[in-house]
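The sequence shown stops at residue 115 when you use the numbering used here, and every number in between is there.
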Amino acid sequence: MGWLKHAFAVEPPGPAEPTPPQAEVAEKLCAEIVRRHLTTPALTFLEMSRPLNFIGAQAMHFFAPLVEALTDAEGHRHFAAFLEQRGSIDYLCRRIEELEADEMKGKSEKEKVKS
């Protein structure tokens, strides 16, 4: 009956900590979102999809053979594995907000130098 004890165990709440390859892929994604000024839509989408992040990760695994023909297969696998973690959405949202704040801070410093 020991197996039943952990049958419904879930990860603790809070941001997940990615492995180094997962962090590299997540960082690229977050930086691209901020570079394209899609912070608000991305955060909205991530918050709305929070209950479905595990299902989305499974869909990524399902479509992996198609994606491997077009993009970096290793990065796709790492990102899908990261999305399986309960706190992955928290981590992505926090990282996007940090990068956006850094970009805004850089812009304000450039404006001060110009004036």
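The beta-carbon is built from N, C-alpha and C at its ideal position, and this holds for glycine as well.
Excluding sequence positions up to five away, which residues of its chain have a Cβ less than 7 Å from the Cβ of residue i?
i	result
ILE33	THR39, ALA42, ILE96
LEU46	ILE89, LEU92, CYS93
Rounded to whole angstroms, what's the CA-CA distance from residue i to residue j? Just pull it up for me.
i	j	result
GLU103	HIS37	10 Å
ALA26	ALA57	14 Å
SER108	CYS30	21 Å
VAL113	LYS28	29 Å
ALA73	GLU111	41 Å
Using C-beta distances below 6 Å, list every residue in its chain close to residue i, excluding the 5 sequence neighbours before and after it, in chain order.
i	result
GLU100	VAL34, THR39
ARG50	ILE89
Considering only their Cβ atoms, is the gap separating residue j from residue i smaller than 9 Å?
i	j	result
ALA16	SER88	yes
MET60	PHE79	yes
GLY75	PRO20	no
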